[in-house]
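Enquirer: Residue numbers (my numbering), protein chains in the order written: chain A, 1 to 980; chain Y, 1 to 92.
Cβ atoms here follow ideal geometry from the backbone N, Cα and C, with glycine treated the same way.
One structure follows; several queries about it will come next.
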Amino acid sequence: MARLPQGGRIDRSRPLAFRFDGRTYHGFQGDTLASALLANGVSVVGRSFKHHRPRGVLAAGDDEPNALVQLEPGTPYSEPNVRATRVELYDGLTARSVNAWPSARFDVNAATGLLGRFMPAGFYYKTFMWPDWRRFEPFIRRAAGLGVAEAPFDPEQALKRHAHCDLLVVGAGPAGLAAARAAAAGGGRVILAEVEADLGGSLLSDPHATIEGQPARAWVAETEALLAEAPHVTVLRRTTVTGYYDHNELVAVERLADHLAPAARRGRARQRIWHIRARRVVLGTGAHERPLVFPDNDRPGVLLASAARTYLHRFAVLPGSRAVVATNNDSAYEAACDLHDAGMRIAAIADLRPGGPGEVGASARERGIEVLAGSGVTGVRGRSRVRGVQVSPAGEPEPGRWLEADLLLMSGGWTPAVHLFSQSGGALAYDPALTAFRPDRSAQAETSVGAAAGRFSLAEALADGHAAGGGDPTSAPQAGPAPEPAPIAAAWRTPGAVGKQWVDFQSDATEADVALAAREGFISVEHLKRYTTIGMATDQGKTSNVNALAILGEETGRLPPEVGTTRFRAPYTPITMTTVAAGARGDLFAPRRKTPLDAWHREHGAVMEDFGAWSRPDVYLQPGESHEAAARREHLAVRQGVGLFDSSPIGKIAVSGRDAARFLDFIIANRIANLGVGKARYGLMLTEHGVVFDDGVTFRLGEDSFLLSPSSGAAARVYAWLDEWRQCEFPDWDLRIADLTTAWAAIAVAGPRARDLVRTLPAGFSWEAAGFPHMTLREGAVGGAPLRAFRVSFSGEVQYELQVPASYGLSLWEHLMRAGAAHGVTPVGVEAWLRLRLEKGYIHVGSETDGNTLPDDIGFGPALAAKPGDFVGRLSLLRENALDPDREQLVGLESLDGDKLPVGGCLFRGPAFNPPVEKLGRVTSSAFSPALGHPVALGLLKRGRSRHGEVLNVFSQGWIGRVRVTSPVFYDQKGERLRG
Amino acid sequence: MLLITCPECGARPETEFVCGGETHITRPGPFAEVPADVWAGYLFHQANPRGKLRERWRHQAGCGLWFNLVRDTVTHEITSVYRMGDPKPEIA
Ligand SMILES: [Zn+2]
Chain A
1 MARLPQGGRI DRSRPLAFRF DGRTYHGFQG DTLASALLAN GVSVVGRSFK
51 HHRPRGVLAA GDDEPNALVQ LEPGTPYSEP NVRATRVELY DGLTARSVNA
101 WPSARFDVNA ATGLLGRFMP AGFYYKTFMW PDWRRFEPFI RRAAGLGVAE
151 APFDPEQALK RHAHCDLLVV GAGPAGLAAA RAAAAGGGRV ILAEVEADLG
201 GSLLSDPHAT IEGQPARAWV AETEALLAEA PHVTVLRRTT VTGYYDHNEL
251 VAVERLADHL APAARRGRAR QRIWHIRARR VVLGTGAHER PLVFPDNDRP
301 GVLLASAART YLHRFAVLPG SRAVVATNND SAYEAACDLH DAGMRIAAIA
351 DLRPGGPGEV GASARERGIE VLAGSGVTGV RGRSRVRGVQ VSPAGEPEPG
401 RWLEADLLLM SGGWTPAVHL FSQSGGALAY DPALTAFRPD RSAQAETSVG
451 AAAGRFSLAE ALADGHAAGG GDPTSAPQAG PAPEPAPIAA AWRTPGAVGK
501 QWVDFQSDAT EADVALAARE GFISVEHLKR YTTIGMATDQ GKTSNVNALA
551 ILGEETGRLP PEVGTTRFRA PYTPITMTTV AAGARGDLFA PRRKTPLDAW
601 HREHGAVMED FGAWSRPDVY LQPGESHEAA ARREHLAVRQ GVGLFDSSPI
651 GKIAVSGRDA ARFLDFIIAN RIANLGVGKA RYGLMLTEHG VVFDDGVTFR
701 LGEDSFLLSP SSGAAARVYA WLDEWRQCEF PDWDLRIADL TTAWAAIAVA
751 GPRARDLVRT LPAGFSWEAA GFPHMTLREG AVGGAPLRAF RVSFSGEVQY
801 ELQVPASYGL SLWEHLMRAG AAHGVTPVGV EAWLRLRLEK GYIHVGSETD
851 GNTLPDDIGF GPALAAKPGD FVGRLSLLRE NALDPDREQL VGLESLDGDK
901 LPVGGCLFRG PAFNPPVEKL GRVTSSAFSP ALGHPVALGL LKRGRSRHGE
951 VLNVFSQGWI GRVRVTSPVF YDQKGERLRG
Chain Y
1 MLLITCPECG ARPETEFVCG GETHITRPGP FAEVPADVWA GYLFHQANPR
51 GKLRERWRHQ AGCGLWFNLV RDTVTHEITS VYRMGDPKPE IA
C-alpha cells in the first residue's frame with residue numbers, strides 16, 4: 001500500500017485518472033506525475049540513455065535525471081523529456097516513457113544487451129569519424145536518444161513581460177521567504193519567484209520544524225499572507241528562474257497553465273517569460289542531495305533519501321515497504337525516522353562514517369533502527385526493482401551481508417544549487433566541511449542565502465534571508481532547536497566492489513568511464529565533461545557534478561578544489577522554444593517590409609518572395625505559365641518593348657550641407673566632388689579594409705544636396721555607416737543625413753519603348769534623350785506630386801527611374817500600366833530584373849563580392865587609383881595581398897554544353913576532377929539568357945581578366961561542365977542601347 | 001544583458017545599442033604620408049585589454065546617438081559614459 005490513508009498535501013476529494021505507457025492509473029489533485037507513479041507502485045519509468053537499463057524515480061524536483069517522459073504523445077501538445085517530478089497531475093494526463101520501445105518495462109534494446117558493452121566514455125569521438133560515421137549514425141540515432149519533437153508547430157501560446165524591481169528573491173524556501181518578508185517590510189519593489197505552486201520549499205517536507213515557536217507551516221502561511229497584502233510585492237509561483245545575465249538581468253519562466261489539461265488551457269497562454277532587471281538579487285535556490293556511488297546504484301527503487309521524505313510528507317506516498325538507508329551524513333536520518341513513523345520498515349542505516357551519526361543517531365536508535373557505522377552498500381539485487389542490498393564494512397575485503405529490501409535510500413551529502421550564482425559570474429570555492437562547492441565571491445549585486453550558500457540549518461537560512469532582505473539582525477526569525485550534527489565524510493565511490501557504479505544517470509556514465517577518461521588524458525574537468533558527456537544531459541548533471549569531479553581527482557591524485565568545476569550555463573532547466581520566442585514567430589518573427597505597390601502585385605499574379613526584409617514580386621505568373629517561362633517573358637519585354645519594375649526598396653539616402661560634397665568624396669571610393677549638379681555617377685563604398693561593402697549611384701540634386709541609392713538590402717547599413725562617420729569623425733562639418741528609403745516609391749520604366757511611356761507624364765521637363773541624357777536626373781511634378789526622374793540603367797536598355805512620395809506610388813504605377821497598354825507594357829519581377837543585369841555584367845554586391853573582394857577584382861582598380869584625394873579604405877588597396885596578381889577577378893562564363901551553370905560551382909582546369917584539384921574560382925551568378933539564347937554566368941576567377949577565351953571545367957556536387965571564360969558583359973558591350 | 005545609459009535617453013537594455021569597438025582611435029593621415037605599419041596598427045592593432053576599455057556605442061534602436069563609455073571587459077561594469085568630443089577619462 002504505497003498511498004497512506006491520510007496526510008500529505010494532496011486533495012483526496014479530487015481523484016484523477018491518467019495514463020502511462022498505455023495503462024490507466026489514478027492519483028489525486030496535488031500529485032506530481034512522479035508521486036502518482038510511485039503511489040501506483042510503478043518502479044520502472046524509463047530506460048537509460050546508452051545502456052537501456054531500467055530506471056526509476058530518483059529525486060523529487062528539478063534534479064531528477066531518470067523520470068523523463070513524453071507528455072501527451074501523439075497530440076499537437078506532445079512535449080519531449082519532461083521531468084515527471086515537475087508535472088502537476090491533471091485528469092486525463094497521458095505520458096510515455098522515453099528512450100524505450102515498446103515501453104519502459106519491456107525494452108527491445110535492453111533485451112538484446114547490445115549497447116552497453118560498446119558505448120564507453122568517448123564513444124562518440126572514437127566512433128563518429130569519417131567514413132564509418134555513415135554506417136553507425138542511423139543505428140545510433142534509433143537506439144540512443146530521449147524523447148522526440150513530434151509536433152511541427154506548437155499550438156501553445158507564450159507571453160513575455162519585462163519587469164524591474166529593487167529585490168528579486170529566487171526561491172521561497174525559509175531563506176527566500178525570510179528575505180522577501182524583510183524586504184517587503186522595507187517598502188521596496190520585491191519579486192519573489194518560486195518554482196513550486198506552494199511556498200515553503202524544504203519546509204513543506206519537514207513537519208517537525210518550528211519557527212518563532214510555532215510550526216514552520218504556520219510561519220509560512222503568515223508570511224504568505226503578509227506578502228499578499230504588501231504593496232509592490234509580486235509573488236510568482238510555478239516560476240523557474242532559468243538564467244542570470246549581465247547587469248542583474250534574470251530570465252524566469254512562469255508556468256501559467258501547465259497544470260491544466262490541454263483542453264482546459266486552450267485560448268490562454270501556457271507560459272510567460274519574464275525578463276527581470278533587479279537592483280539586488282537574493283539566491284535562495286537550496287541544495288541538491290547527491291547520490292552515493294556504489295554498484296547498481298541506478299536500480300529502480302534506489303532513491304535519494306530526501307526525495308523519499310518529500311514523497312511521504314507532501315504526497316502521502318511510501319515508495320517502498322522495507323528500506324535500507326545508506327549515507328555519509330546526518331540528513332538521511334530524518335528521512336529514516338519519518339518513514340519509520342509512517343509505517344515503513346527500516347532494515348538498517350549503513351553510515352560510511354566510522355564514528356556514526358551526531359545527535360540525530362539517538363532518534364534512530366530510539367525507534368529500534370539498526371545503525372551500521374563504518375559501512376556502505378556494495379551490491380544491489382533486483383533488476384526492475386530493488387530486492388536486496390548488500391552492506392559491507394567500508395574498506396574491508398570481506399563482503400558483508402545481504403539485507404532484504406525493496407527500497408534503498410541514499411544520501412551522499414548536499415550540493416548547493418549554485419547554478420544561477422555561477423551564471424552571474426560569481427566565483428565558487430570548495431568547502432571540505434560540505435564536500436561541495438559553495439559561492440565565494442559575488443560578481444554582481446547578489447547574495448546567496450541558506451542552503452544555496454552552503455548553510456544548511458534552518459537557523460542559518462532564516463538569518464541569512466532576513467539579513468539579505470534588509471532586516472535588522474536582532475529581529476531575525478528564530479528556528480527551533482536542532483540536534484548537534486556530526487561532520488560529513490567524503491565518500492565518492494566504492495572501491496573494490498563488483499559491478500557498474502553510476503555517476504551520471506542521465507548521461508548514463510559510470511565511475512569507470514571517469515577513470516577511463518583520466519587514463520586517456522582527459523584530466524581537465526571541462527574535457528572530462530565533453531569526453532564522458534557527464535553533466536551534458538538535460539539535467540546538466542545536477543546530481544552528478546561533484547561526484548564526477550571528485551572521482552577525477554582521485555584518479556589523478558588531486559583534491560576537488562584543484563580539479564575545479566565546470567561553468568554552469570543557462571537555462572537552469574530546459575525551456576520550450578515557444579516560450580523563448582514568446583509572440584515572435586510566424587509572421588511576427590520579424591517585420592516584413594512591403595512596398596507601396598504590394599497589394600497590386602498580389603492581385604496581379606505576383607509570386608512574392610522575401611529579399612532581405614522586403615517582400616517583392618519574383619515573377620508575375622500568367623494562367624498556366626511556369627516560373628521560368630514567366631521570367632523569360634518579362635525579360636524579353638524589357639529587351640524588346642517596355643517593362644515596369646517596382647524598385648521602391650532601393651535605398652534613398654539624402655546627404656546635404658556645405659560639407660556634403662567633400663564628405664561623400666571621402667566615403668565613396670569613386671570621385672564625387674567633381675560631379676555636376678543634375679548628374680549621376682556609379683560608385684563603390686569600401687570598408688577601411690578596402691573591401692567592397694556596397695555599390696550604387698549618387699545623384700547631385702544641388703550644389704550641397706545629394707541622393708545616394710545603395711542596394712535595397714544595404715540601405716539601413718549604409719545610412720548607419722554614413723552617420724557613424726558624421727558623428728564620430730566629422731562632428732564639426734555641416735552635414736545632414738536622412739534615410740528616405742521608405743518615403744518614396746520608385747518605379748523603373750525600362751526598354752526600347754520606355755520613352756513612349758514616360759512621355760505620357762507631363763512632368764514639366766523634356767523626356768527626350770537630347771535634353772535628358774543617360775546618367776542625369778530631372779525634378780518636376782506630376783498629378784500634384786513631386787517627381788524625381790533618374791536616367792540610370794540596371795537593365796541595359798533605356799531606363800527611367802521615377803520616384804514619387806510613397807502614397808502616390810500606386811496611382812503612378814496604374815497610370816503607367818494604362819498608358820502602356822498600347823505598348824505591351826509588362827510588369828517585371830526580381831528574377832527577370834537580375835537576369836537583365838547579369839547579361840550586362842553588372843555586379844550584385846553579395847553575389848559577385850564577398851568579404852574579400854577589392855575594387856580591382858571587379859574592374860575598378862584604375863578608376864580609383866586616379867582619384868586625387870583620400871577615401872575610406874584607400875590605403876588598404878596598397879596592401880601586399882591587394883596587389884597579388886593571382887587574385888580572383890570578375891569574368892563572364894559561357895556554358896559550352898548548354899547547361900545552366902551551378903552557382904557556387906568550382907572552376908578548375910580539366911580534363912578530369914581528381915582531387916585535390918586547384919580551385920581557380922567559382923560561379924557567382926547564373927541564368928539562361930533569353931537575349932543570347934544560351935545560359936550565361938558571372939564568376940570570380942584567378943587572373944580572370946587575362947584568361948578571356950580559355951576553356952575551363954566547373955564542378956558541383958558530382959556534376960562537371962565546360963565553360964569558356966569571356967568578358968563579363970554579354971549584351972551590348974558598347975553600351976549603346978542604354979544611352980538611346 | 002547590459003544596461004547602458006544613453007546620454008540622451010537614459011538607461012536602456014543592450015539590445016537597443018550596437019557596439020562600435022574601441023574609441024579614441026585616430027585615423028592616420030594625410031594618406032600619402034602614412035607608413036604601412038601605421039595603417040596596419042590603425043586597422044588591426046587594438047588594445048583589447050583585460051579590464052577597462054573605452055569604447056563607442058550607438059543607440060541604434062533609439063535616438064541614434066554615438067557616444068563613448070568605459071566598460072570593464074571582465075565584469076562588464078560600465079564606469080563612465082560621455083559624449084563624442086568630451087575629454088577622454090583616465091582609466092586605472
Ligand atoms: Zn538615446
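Can you name the residues of chain A whose CB is closer than 8 Å to the CB of GLY21 of chain Y?
Expert: Chain A residues near GLY21 of chain Y: none, gap ~11 Å exceeds 8 Å.
Enquirer: Along the chain, where does the alpha helix (DSSP H) containing GLY176 of chain A start, and where does it finish?
Expert: GLY176 of chain A -> alpha helix (DSSP H) spans 174–186.
Enquirer: From this set, A:TRP767, A:GLY783 and A:ASP646, which residue's C-alpha is nearest THR776 of chain A's C-alpha?
Expert: Comparing Cα-Cα distances from THR776 of chain A to each of A:TRP767, A:GLY783 and A:ASP646, the minimum goes to A:TRP767.
Enquirer: Under the rule that 16 or more other beta-carbon atoms within 10 Å means buried, what is PHE18 of chain A, buried or exposed?
Expert: When all chains shown are included, PHE18 of chain A counts as buried.
Enquirer: According to DSSP, is VAL580 of chain A part of a helix, a strand, or is it coil?
Expert: Helix.
Enquirer: Do three or more CB pairs link the stretch 260–267 of chain A to the stretch 185–193 of chain A at distances below 8 Å?
Expert: These segments do not touch.
Enquirer: Residues of chain A with a CB under 9 Å from the CB of TRP57 of chain Y: which are they?
Expert: The premise fails here: TRP57 of chain Y is roughly 11 Å from chain A at the closest Cβ pair, so nothing lies under 9 Å.
Enquirer: Within the 8 Å Cβ cut-off, does ALA443 of chain A reach chain Y?
Expert: It does; some Cβ of chain Y falls within 8 Å.
Enquirer: Which residues bound the beta strand (DSSP E) around ALA68 of chain Y?
Expert: A small correction: the amino acid at residue 68 of chain Y is Asn; Ala does not occupy that position in the sequence shown. From DSSP, the beta strand (DSSP E) with ASN68 of chain Y extends over 66–72.
Enquirer: Please list the terminal residues of the continuous beta strand (DSSP E) segment that includes LEU192 of chain A.
Expert: Per DSSP, LEU192 of chain A belongs to the beta strand (DSSP E) from 190–193.
Enquirer: Closer than 8 Å, CB to CB, is PRO291 of chain A near chain Y or not?
Expert: No, because no Cβ of chain Y sits closer than 8 Å to the Cβ of PRO291 of chain A.
Enquirer: Going along the chain, which residues put their C-beta within less than 6 Å of some heavy atom in ligand 1?
Expert: Chain-ordered list of matching residues: Y:CYS6, Y:GLU8, Y:CYS9, Y:HIS59, Y:GLY62, Y:CYS63 and Y:LEU65.
Enquirer: Spatial neighbours of GLY796 of chain A within its chain, please: C-beta separation below 7 Å, excluding the five flanking residues on both sides.
Expert: Here the set comprises LEU836, GLU839, LYS840, TYR971, ASP972, ARG977 and LEU978.
Enquirer: Step through the CB atoms of chain Y and report whether any lies within less than 8 Å of the CB of CYS728 of chain A.
Expert: So yes, CYS728 of chain A belongs to the interface.
Enquirer: Helix, strand or coil: how does DSSP classify GLY21 of chain Y here?
Expert: It is a strand residue.
Enquirer: Among A:ALA581, A:ALA819 and A:ALA613, which has the Cα closest to the Cα of ARG592 of chain A?
Expert: Considering only alpha carbons, the answer is A:ALA613.
Enquirer: In the stretch 446–492 of chain A, which residue ranges form an unbroken beta strand (DSSP E) of at least 3 residues, counting only runs that do not cross its ends?
Expert: Segments of the beta strand (DSSP E) lying fully in the stretch 446–492 of chain A: 446–448.
Enquirer: Would you list the one or two residues that DSSP bridges to HIS288 of chain A?
Expert: Per DSSP, A:THR415.
Enquirer: Decide if LYS974 of chain A is buried, meaning its Cβ has at least 16 other Cβ atoms within 10 Å, or exposed.
Expert: When all chains shown are included, LYS974 of chain A counts as exposed.
Enquirer: Output the distance between the C-alpha atoms of VAL923 of chain A and TRP959 of chain A, rounded to the nearest integer angstrom.
Expert: Near 14 Å, if we compare the C-alpha coordinates of TRP959 of chain A and VAL923 of chain A.
Enquirer: Using a cut-off of 8 Å between C-beta atoms, extract the partners of LEU53 of chain Y located in chain A.
Expert: By Cβ distance, chain A contributes nothing, its closest Cβ being about 15 Å from LEU53 of chain Y, past 8 Å.
Enquirer: Just the chain Y side, please: which residues come within less than 7 Å of LEU875 of chain A by C-beta, in chain order?
Expert: Residues of chain Y passing the Cβ test: PHE31, VAL34 and TRP39.
Enquirer: Alpha carbon to alpha carbon, what distance is there between TYR333 of chain A and ARG322 of chain A?
Expert: Those two C-alpha atoms are separated by around 15 Å.
Enquirer: Pull up the DSSP beta-bridge partners for MET685 of chain A, would you.
Expert: Answer by DSSP bridge pairing, in chain order: A:ILE668 and A:ASP694.
Enquirer: So which residues of chain A does GLY62 of chain Y contact, with C-beta pairs closer than 8 Å?
Expert: Under the 8 Å cutoff, chain A gives no residues; its nearest Cβ is about 13 Å from GLY62 of chain Y.
Enquirer: Quick check: what's the CA-CA separation for VAL317 of chain A versus ARG309 of chain A?
Expert: Cα-Cα distance, rounded: 9 Å.
Enquirer: Interface residues of chain A around HIS24 of chain Y at Cβ under 9 Å?
Expert: What HIS24 of chain Y touches in chain A: nothing, since even the nearest Cβ is about 10 Å away.
Enquirer: My assumption, with CB atoms under 8 Å, is that GLN622 of chain A sits in contact with ALA630 of chain A. Please give the rounded CB distance.
Expert: GLN622 of chain A to ALA630 of chain A, Cβ: 7 Å. Contact.
Enquirer: Throw me the rounded Cβ distance for the ASN297 of chain A and VAL380 of chain A pair, which I believe falls under 8 Å.
Expert: Confirmed, about 7 Å.
Enquirer: GLU396 of chain A: buried (16+ other C-beta within 10 angstroms of its C-beta) or exposed?
Expert: Flag for GLU396 of chain A reads exposed.
Enquirer: Identify the contact partners of HIS689 of chain A in chain Y, using a Cβ-Cβ distance below 7 Å as the criterion.
Expert: Per Cβ cutoff of 7 Å: LEU43.
Enquirer: Residues of chain Y with CB closer than 7 Å to the CB of GLU249 of chain A, please, in chain order.
Expert: Ordered by position in chain Y, the residues that pass the 7 Å Cβ test against GLU249 of chain A are MET1.
Enquirer: Taking the C-alpha atoms as reference points, what is the distance between ALA84 of chain A and GLY426 of chain A?
Expert: The straight-line gap from Cα to Cα measures roughly 31 Å.
Enquirer: For the stretch 218–302 of chain A, which segments carrying the beta strand (DSSP E) assignment without a break, of at least 3 residues, lie completely within its bounds, in sequence order?
Expert: Complete beta strand (DSSP E) runs here, min 3: 233–236, 239–245, 249–255, 271–283 and 287–289.
Enquirer: Using a Cβ-Cβ cut-off of 8 Å, state whether THR75 of chain Y counts as contacting chain A.
Expert: It does; some Cβ of chain A falls within 8 Å.
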